[in-house]
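In order, the protein sequences belong to chains A, Y, D, S, X and P. Letter by letter, the first sequence follows residues 1 to 270 in UniProt numbering. Letter by letter, the second sequence follows residues 1 to 270 in UniProt numbering. Letter by letter, the third sequence follows residues 1 to 270 in UniProt numbering. Letter by letter, the fourth sequence follows residues 1 to 270 in UniProt numbering. Letter by letter, the fifth sequence follows residues 1 to 270 in UniProt numbering. Letter by letter, the sixth sequence follows residues 1 to 270 in UniProt numbering. Each remark here refers to the structure printed beneath this line.
There are 6 protein chains.
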Amino acid sequence: MFYHDDELQFEVEVEEPDPRFAKLLQQAIGGAEGEMRVALQYMFQAFAVPAEKDEIRRFLMETATEELGHIEMLATAVSKNLEGASEEARESAREDPIIDEMMRTGQPRQALSAGLHAMPVDSNGAPFTGNYVVASGNLAADMYANVMAESTGRVLATRLYEFTDDPGMKDMLEYLIARDTMHQNQWHAALEDLGEHRPVPASFDQEQENQEYNYSFMSTAREERADPKRPWTQGEAPDGKGEFSYTPQQPGGGAPDLKETIDEMYNEVQ
Amino acid sequence: MFYHDDELQFEVEVEEPDPRFAKLLQQAIGGAEGEMRVALQYMFQAFAVPAEKDEIRRFLMETATEELGHIEMLATAVSKNLEGASEEARESAREDPIIDEMMRTGQPRQALSAGLHAMPVDSNGAPFTGNYVVASGNLAADMYANVMAESTGRVLATRLYEFTDDPGMKDMLEYLIARDTMHQNQWHAALEDLGEHRPVPASFDQEQENQEYNYSFMSTAREERADPKRPWTQGEAPDGKGEFSYTPQQPGGGAPDLKETIDEMYNEVQ
Amino acid sequence: MFYHDDELQFEVEVEEPDPRFAKLLQQAIGGAEGEMRVALQYMFQAFAVPAEKDEIRRFLMETATEELGHIEMLATAVSKNLEGASEEARESAREDPIIDEMMRTGQPRQALSAGLHAMPVDSNGAPFTGNYVVASGNLAADMYANVMAESTGRVLATRLYEFTDDPGMKDMLEYLIARDTMHQNQWHAALEDLGEHRPVPASFDQEQENQEYNYSFMSTAREERADPKRPWTQGEAPDGKGEFSYTPQQPGGGAPDLKETIDEMYNEVQ
Amino acid sequence: MFYHDDELQFEVEVEEPDPRFAKLLQQAIGGAEGEMRVALQYMFQAFAVPAEKDEIRRFLMETATEELGHIEMLATAVSKNLEGASEEARESAREDPIIDEMMRTGQPRQALSAGLHAMPVDSNGAPFTGNYVVASGNLAADMYANVMAESTGRVLATRLYEFTDDPGMKDMLEYLIARDTMHQNQWHAALEDLGEHRPVPASFDQEQENQEYNYSFMSTAREERADPKRPWTQGEAPDGKGEFSYTPQQPGGGAPDLKETIDEMYNEVQ
Amino acid sequence: MFYHDDELQFEVEVEEPDPRFAKLLQQAIGGAEGEMRVALQYMFQAFAVPAEKDEIRRFLMETATEELGHIEMLATAVSKNLEGASEEARESAREDPIIDEMMRTGQPRQALSAGLHAMPVDSNGAPFTGNYVVASGNLAADMYANVMAESTGRVLATRLYEFTDDPGMKDMLEYLIARDTMHQNQWHAALEDLGEHRPVPASFDQEQENQEYNYSFMSTAREERADPKRPWTQGEAPDGKGEFSYTPQQPGGGAPDLKETIDEMYNEVQ
Amino acid sequence: MFYHDDELQFEVEVEEPDPRFAKLLQQAIGGAEGEMRVALQYMFQAFAVPAEKDEIRRFLMETATEELGHIEMLATAVSKNLEGASEEARESAREDPIIDEMMRTGQPRQALSAGLHAMPVDSNGAPFTGNYVVASGNLAADMYANVMAESTGRVLATRLYEFTDDPGMKDMLEYLIARDTMHQNQWHAALEDLGEHRPVPASFDQEQENQEYNYSFMSTAREERADPKRPWTQGEAPDGKGEFSYTPQQPGGGAPDLKETIDEMYNEVQ
């Protein structure tokens with residue numbers, strides 16, 4: 001079960017509200033590379049861990065819990081970037097330069113649906129979706145999903161870093177980028193522990209897979225190309241279980257030979 | 001630009017139609033772990049490669065093109081698993097055991113919307129979405145997304161393998177599992193080439209990130225826990241740029257201190 | 001910021017795994033009436049509260065935090081309802097009666113994508129979406145959204161209660177139904193505190209609204225109907241600011257009189 | 001069944017086209033707080049009413065029908081806010097100041113997909129979804145959903161009112177705000193009639209719910225907090241069936257104790 | 001504006017409730033080929049018609065209004081197919097054969113979210129979406145969208161017809177199929193009136209389009225194929241403005257030659 | 001199976017990067033009228049064709065393959081419209097006028113998620129969805145879906161043509177508009193071959209449909225209107241199988257007469 005206290009995990013200050021940056025920050029909240037995704041992803045991964053691996057469960061759940069606090073930080077940052085002028089300084093909402101810029105270039109729903117606060121949507125305005133969450137039940141696959149999530153998340157954070165001059169926002173992003181560095185590393189460390197580069201899932205008996213096509217790069221170029229002699233066409237494969245080769249042609253399995261569908265479908269292909 | 005020929009990439013045969021398996025195969029077509037995702041993901045990644053890296057562009061695009069052929073194979077497999085009895089053998093669609101089972105336990109839209117053929121949806125019936133596609137512009141992040149996609153994809157294929165006895169379907173899956181083995185390995189090989197385990201993005205000056213929290217595992221347990229001394233709390237970090245440590249407490253950044261919103265939002269928190 | 005400990009908030013036991021019930025439980029996790037929705041809804045509402053109302057912020061955030069623990073309980077319940085027979089008791093996944101029933105009538109993705117665990121989707125298999133979250137910035141509107149969420153949530157829980165005989169599941173639902181009773185009551189208590197039945201938002205000057213149509217029930221029946229003399233056509237309105245009346249006709253505002261669109265849109269209505 | 005006539009329900013005039021306002025109005029058409037939602041919500045609620053309650057069916061359906069007319073009004077308002085200059089006054093679409101501003105800050109699809117007309121999307125551009133519609137079969141739950149819909153809808157309309165100076169748009173919004181006032185009141189009146197504040201669903205035997213946790217506010221604060229003595233921690237609960245209390249601790253139900261998943265899932269947690 | 005009266009547009013009777021058919025009927029309510037789509041599509045098309053074409057506006061709006069009544073009929077049909085046995089005939093919901101079959105093979109949300117009534121979702125359980133609605137502003141394009149909608153709608157209705165033996169359901173579908181016949185024909189009649197087969201949009205000056213590739217079938221076969229001499233490779237084109245030809249090769253426009261992205265994107269393609 | 005070569009299908013040049021145009025082009029990639037839709041639509045239609053109609057399969061698949069090349073062209077165009085100034089010409093991303101305009105008015109995800117490249121989303125930022133794909137199994141219905149897709153696609157392309165002055169973009173669009181002209185014509189030619197205007201599906205025995213309402217325009221006007229004597233109320237119907245008539249009244253089928261739902265649903269309509 002979960003607990004909360006009143007503090008943010010790290011300080012969130014905004015010197016100059018910037019409604020465009022409020023729009024961009026949404027990507028880090030409700031976007032494919034955002035904190036809602038990782039919080040829920042690590043949580044659902046933890047939910048699937050059997051009792052005898054409670055160390056793994058804690059590993060995942062402690063980081064899930066940390067990410068919940070990042071959503072809170074970013075939502076606070078959005079609100080602070082949308083703070084309008086005081087009432088004396090303007091006559092109406094439309095005359096507030098922050099609000100005006102917001103309605104022009106921002107995400108209208110931050111104002112219309114949320115009263116100038118954060119939303120569970122991305123920077124294009126598309127809602128967060130459970131589709132972003134990867135929790136496969138297979139720990140290695142999950143770890144790769146996590147490395148990917150933290151890699152794209154850190155790329156996002158560094159791009160955001162380039163789009164602000166606000167010292168408070170810079171501080172916050174330097175912290176979040178640091179945490180992404182750690183999280184990338186911790187999932188890698190878990191992968192090393194599992195035996196990196198093994199084929200996922202490792203427990204599937206590899207003798208059952210087709211032995212002709214499991215370590216060969218297959219060219220689909222229209223005109224046959226010579227082996228480009230790249231790290232993926234020659235040498236030992238990273239999983240240590242095969243030798244790369246190069247196949248200039250796709251095997252070909254005959255034309256699809258579907259029967260006509262039963263009449264009651266009214267398919268009438270002619 | 002693209003080309004096509006009449007053959008499937010690999011043979012697709014079904015001895016005994018099985019409408020439940022037709023439902024399950026949808027996951028490998030339009031699901032988060034499916035072939036539409038990887039085909040489009042590798043394609044959009046290739047679209048972003050600058051001219052001077054055309055070797056990388058080809059690497060991505062050739063595999064994207066291969067995956068298009070896998071969609072074709074799987075769609076053929078769905079149709080063959082839904083082939084009903086001949087008209088003599090039944091009086092109406094409802095009396096066809098395949099169709100009856102299909103309507104009971106399957107995806108009704110395979111019949112109602114597609115006339116007993118494949119759909120761009122997953123095994124739960126949810127439509128394919130562009131949200132599944134990761135093409136970040138950063139090659140290392142993309143490679144991790146690809147390793148993840150092939151890992152979850154191979155897990156899916158091995159699970160499907162357990163749910164069929166049909167020799168034709170077994171053959172097809174043995175081929176697809178082999179290709180997933182290769183694809184996992186080829187993306188790993190590319191990562192090795194880039195310098196594996198570097199923090200993504202590597203070009204962000206790490207001195208800019210917060211130096212206190214970038215290599216420390218942060219516990220969020222309610223009751224303070226001792227360092228569990230796991231590979232992610234001690235030793236050198238996989239990126240080779242830091243030493244892991246353990247932080248039993250979140251830093252804490254003060255309570256969020258939002259101002260009241262401008263009146264024109266009618267927020268009325270009290 | 002958030003914390004976690006190892007215990008569930010309340011005991012979750014399953015005597016007899018039931019994969020159909022695992023399917024139904026998804027509605028309480030990732031559905032419109034589910035725990036992901038309320039956890040995130042109360043959280044985003046709390047994120048928008050200004051500093052001077054920290055009592056309200058805590059009120060919302062403490063309950064958000066509780067709901068996170070309910071997701072954890074329900075995900076545990078799903079996993080336990082999908083536990084297959086031991087390996088000795090079957091020859092393959094298909095021969096396990098739990099798994100067989102699961103693949104026939106359940107949500108295939110619980111197996112195919114999550115390895116027999118919970119997913120962030122609803123009982124129809126549709127993914128959780130940020131669209132479910134209501135956090136308007138206006139506390140009264142939010143409280144009504146919360147009463148609604150807990151009312152539909154409790155209706156869902158009571159319906160689930162009718163579809164299981166398992167004593168462990170009954171216990172868990174009796175607990176969750178009790179919490180829904182409390183949560184309905186606590187949001188009502190907050191509404192009473194705000195001044196129940198006031199028009200939301202109350203700070204909009206009601207003299208600005210159209211005075212002819214603000215307290216009249218408008219019939220849209222094709223054939224004019226007499227006043228049905230119901231509580232919404234006569235007597236004082238619940239907000240205490242007007243008297244109900246009955247309008248048998250819609251006012252009518254003339255036909256829409258759009259100009260032709262500029263040529264460059266190629267609209268060609270004729 | 002339904003009927004239509006040529007008139008709008010209320011006059012819709014626009015003095016000065018304003019493409020930014022056309023963007024904002026989309027929220028009131030296809031957004032979570034919009035008219036498509038309430039029209040369909042009340043309609044689906046009405047569809048579920050048994051014959052003997054035809055008075056309730058009419059109540060819901062008459063208002064559903066009214067809301068259809070509001071979609072029509074708002075779509076007309078969008079078109080009028082996007083009316084470009086006459087052909088003489090410009091040389092190309094790009095030189096029309098309305099169109100230029102539209103393409104810069106608006107919703108491109110209003111131009112590209114709809115030829116400068118309304119779309120069934122919200123102000124962020126996300127499509128309307130059936131997920132917004134709440135029709136639970138339980139009338140009290142539905143009434144709370146309706147109060148919520150009209151409360152957030154009226155908040156939206158008052159915010160829109162602040163973002164326009166156009167007298168025609170002001171008139172239209174004054175009318176719509178008035179109707180929202182009435183609709184809030186009429187659903188409240190129905191709730192009073194049902195017996196307000198009863199726990200929903202009232203027919204579930206409350207003795208079946210857990211008696212220890214059904215009227216107690218549960219704190220999830222990390223550090224134990226004293227009872228804040230607020231209206232939701234003491235006194236009679238609004239449903240009149242219990243007395244509020246305060247629980248400083250979550251009960252705790254032991255750690256989740258999942259078994260390992262069957263091998264055929266290839267879960268490999270280690 | 002709209003009106004309603006108490007009657008259904010056409011009789012809806014169900015002799016034997018059939019929960020599987022209730023599942024299938026959802027496709028005709030909230031699916032891509034369903035009545036919500038056509039009702040809203042014709043409505044949004046009508047909303048865009050300028051005043052001087054009010055005959056067209058009425059044509060579209062009258063049919064939109066009819067389709068609203070079809071949603072009502074189908075929702076009634078769903079409810080009647082889910083009517084459970086009387087209380088005397090069973091001990092609990094689970095023992096009602098209708099309800100049991102419903103929970104096994106149906107859409108759980110019809111029970112869990114709607115209390116055994118219709119939902120705005122399709123037969124796979126995916127929510128209705130505004131994405132289905134086509135209202136382009138161009139009347140000819142809209143008419144083709146309408147012919148398509150009625151064609152796929154009638155295919156759906158005939159398939160549903162094959163999956164029921166209930167005489168009430170047969171009657172209802174015979175009526176709906178008849179209306180689809182009419183609607184297909186009426187949109188065709190409008191197209192004939194506009195000048196069928198003209199290129200849409202007809203007002204775009206065809207001399208501006210590339211004259212080399214506007215009437216030639218372009219083969220993308222990997223191995224060059226001879227002209228198949230089909231109706232689309234020779235003879236006059238249906239629009240009467242060009243002569244079909246056959247191009248065995250795609251033109252080819254050089255490799256894409258993207259520059260490297262600015263550093264601040266951290267793209268690191270190498 | 002598919003193949004690729006390095007060239008674009010047609011030249012893509014951009015003289016002056018224009019980030020607003022990059023936003024608009026997304027509609028032609030991932031929008032309802034875009035190239036992802038047609039590529040996948042024709043592909044899924046081809047997947048359903050039985051072996052004996054391989055000519056039809058090729059017809060569909062060759063055009064599907066061509067459309068894949070159009071996605072590639074448009075993605076290249078997006079990247080080129082987002083090319084920033086060289087590093088010497090600016091001090092930071094924010095000072096690059098292209099990037100600044102991009103972040104202000106564009107789609108932030110093109111920068112934040114894709115590093116200034118194309119995304120599988122539409123111009124409003126909503127993700128591509130499998131819902132756009134129509135592949136019904138019935139060839140005539142599919143052909144109408146294709147005519148519609150190419151008609152709305154060509155309308156989109158002509159609108160885009162009005163929003164750019166760039167000669168490279170004009171060239172590209174002139175090519176794409178020409179291809180849309182051809183594709184509209186080719187699907188029409190296929191329809192002529194099938195027997196145009198026949199009711200879809202033609203194989204459903206029309207004697208089974210209701211004979212009273214299958215060729216009559218049904219008015220739903222509130223006040224009875226006289227026959228407007230339009231092409232859809234009189235004369236022979238386009239399918240050649242009936243004579244149009246005019247019905248001023250909807251038939252009326254009695255009020256819906258639902259029973260009360262079983263108690264276990266807790267519906268409590270009163």
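Glycine included, each C-beta is placed from N, C-alpha and C at the ideal position.
Quiz prompt | Alpha-carbon spacing of Y/Q27 relative to X/M103, whole angstroms | solution = Translated into the one-based positions of the second sequence, residue 27 of chain Y becomes position 27. Translated into the one-based positions of the fifth sequence, residue 103 of chain X becomes position 103. Near 22 Å, if we compare the C-alpha coordinates of X/M103 and Y/Q27.
For this session: Provide the residue(s) that pair with X/M265 in DSSP beta bridges, ordered along the chain.
Result: Walking along the fifth sequence from the start, residue 265 of chain X turns up at place 265. X/M265 is not bridged to any residue.
Would DSSP call S/T233 helix, strand or coil? Here residue 233 of chain S is taken as the residue at index 233 of the fourth sequence, counted from 1. In this structure, S/T233 counts as coil in the three-state DSSP scheme.
| message | Could you check if A/M218 belongs to the surroundings of the ligand SAM, using beta carbon to heavy atom distance under 7 Å? | response | Among the components modelled here there is no ligand, and therefore nothing to report on the ligand SAM.
Note down the Cα distance separating A/E78 from P/Q107, rounded to an integer number of angstroms.
As a position in the first sequence, residue 78 of chain A is number 78, starting the count at 1. As a position in the sixth sequence, residue 107 of chain P is number 107, starting the count at 1. Note on residue identity: the sequence assigns Val, not Glu, to residue 78 of chain A. Computed Cα separation, rounded: 18 Å.
Identify every run of the alpha helix (DSSP H) within the stretch 21-97 of chain X, keeping only runs that are complete inside it and at least 4 residues long; order them along the chain.
-> 35-47 and 54-81
May I ask you to list the residues that DSSP assigns as paired with Y/F2? Against the second sequence, residue 2 of chain Y aligns to sequence position 2. Bridge partners of Y/F2: P/H4.
| task | Anything in chain X within Cβ reach of A/R230, meaning under 7 Å, just list it in chain order. | result | One-based indexing of the first sequence puts residue 230 of chain A at position 230. Residues of chain X passing the Cβ test: none, with the nearest at roughly 13 Å.
Can you name, in chain order, every residue of its own chain whose Cβ lies under 7 Å from the Cβ of residue 279 of chain P, other than the five neighbours on each side? Given that chain P is displayed from residue 1 to residue 270, the structure contains no residue 279 of chain P and the question cannot be resolved.
message: For D/S92, count the other beta carbons within 10 Å of its own beta carbon; 16 or more makes it buried, fewer makes it exposed. Which is it?
response: In the third sequence, the residue the question calls residue 92 of chain D occupies position 92. It is exposed - the Cβ of D/S92 has fewer than 16 other Cβ atoms within 10 Å.
Please list the partners that P/H70 has in chain X, where partner means a Cβ-to-Cβ separation under 7 Å.
Sequence index remark: in the sixth sequence, residue 70 of chain P carries index 70 (1-based). Neighbours of P/H70 on chain X: none; closest Cβ ~11 Å, over 7 Å.
- Item | CB contact flag (S/V49, S/A140, <8 Å) | Sequence index remark: in the fourth sequence, residue 49 of chain S carries index 49 (1-based). Sequence index remark: in the fourth sequence, residue 140 of chain S carries index 140 (1-based). It is not a contact, given that the beta carbons lie outside the stated cut-off.
Check your understanding: Going along chain Y in order, which residues have a C-beta closer than 8 Å to the C-beta of X/R20?
Key -> For the purposes of this step, residue 20 of chain X is taken as residue 20 along the fifth sequence, with counting starting at 1. The answer, in chain order, is M103 and R104.
Should S/P256 be flagged as near chain X, meaning a C-beta pair shorter than 8 Å? Locating residue 256 of chain S in the fourth sequence gives position 256, where the first residue counts as 1. No - not a single Cβ of chain X is within 8 Å of the one on S/P256.
Please check the pair S/D5 and P/A221, which I expect to be a contact at CB under 8 Å, by giving their CB distance rounded to whole angstroms. Sequence index remark: in the fourth sequence, residue 5 of chain S carries index 5 (1-based). Sequence index remark: in the sixth sequence, residue 221 of chain P carries index 221 (1-based). With a Cβ gap of about 6 Å, S/D5 and P/A221 count as contacting.
- Message: Output needed in chain order: residues of the stretch 227-253 of chain Y with a Cβ under 7 Å from some Cβ in chain S.
- Response: none
Does the distance from the CB of S/S136 to the CB of X/A32 come in under 8 Å? As a first step, residue 136 of chain S is located in the fourth sequence; it is residue number 136 there, counting from the start. As a first step, residue 32 of chain X is located in the fifth sequence; it is residue number 32 there, counting from the start. Going by C-beta atoms, S/S136 is not nearer than 8 Å to X/A32.
- Message: For the beta strand (DSSP E) containing P/M218, name the first residue and the last one.
- Response: Numbered from its first residue, the sixth sequence carries residue 218 of chain P at position 218. Where P/M218 is concerned, the enclosing beta strand (DSSP E) stretches over S216 to M218.
* **Simplified DSSP assignment, three categories, for Y/T247** => Numbered from its first residue, the second sequence carries residue 247 of chain Y at position 247. Strand at Y/T247.
Do you know how far the Cα of S/V133 is from the Cα of A/M182?
One-based indexing of the first sequence puts residue 182 of chain A at position 182. One-based indexing of the fourth sequence puts residue 133 of chain S at position 133. Taking the straight line joining both Cα atoms gives about 42 Å.
Item to complete: Please name the residue in A/D54, A/A190 and A/I29 whose C-alpha comes closest to that of A/A126.
Response: Your numbering for residue 126 of chain A matches position 126 in the first sequence. Comparing Cα-Cα distances from A/A126 to each of A/D54, A/A190 and A/I29, the minimum goes to A/I29.
- Item | Close-in-space but distant-in-sequence residues of the same chain around S/R90 (CB under 6 Å, 5 per side omitted) | As a working note, residue 90 of chain S is residue 90 in the fourth sequence. These residues qualify, in order along the chain: D96.
**At least 3 beta-carbon pairs within less than 8 Å: the stretch 186-203 of chain S vs the stretch 139-157 of chain D** = yes
**Asked** Thinking C-alpha only, which one of S/N138, S/D171, S/P17 and S/Y144 is nearest S/S86?
**Response** Taking the fourth sequence and counting its residues from 1, the one referred to as residue 86 of chain S is at position 86. Among S/N138, S/D171, S/P17 and S/Y144, the Cα nearest to that of S/S86 belongs to S/P17.
Note to self: Please report whether the beta-carbon of D/E224 lies at a distance below 8 Å from any beta-carbon of chain X.
What the structure shows: On the third sequence, residue 224 of chain D is found 224 positions in, with the first residue counted as 1. Closer than 8 Å: no.
Do you know offhand how far D/V155's Cα is from D/R179's?
-> Counting from 1 along the third sequence, the entry for residue 155 of chain D is found at position 155. Counting from 1 along the third sequence, the entry for residue 179 of chain D is found at position 179. For D/V155 and D/R179, the distance between alpha carbons rounds to 13 Å.
Margin query: Tell me which residues share the same chain as X/T261 and place their Cβ nearer than 7 Å to its Cβ, disregarding the 5 neighbours each side in the sequence.
Written below: In the fifth sequence, residue 261 of chain X corresponds to position 261, counting from 1. Excluding sequence neighbours, X/T261 sits near N267.
For the alpha helix (DSSP H) containing A/E162, name the first residue and the last one.
Counting from 1 along the first sequence, the entry for residue 162 of chain A is found at position 162. That run of the alpha helix (DSSP H) goes L139 to E162.
For the stretch 177-204 of chain Y, list every residue whose C-beta sits within 7 Å of some C-beta in chain A, in sequence order. I177, A178, R179, T181, M182, Q184, N185, Q186, H188, A189, A190, E192, D193, H197, P199, V200, P201 and F204
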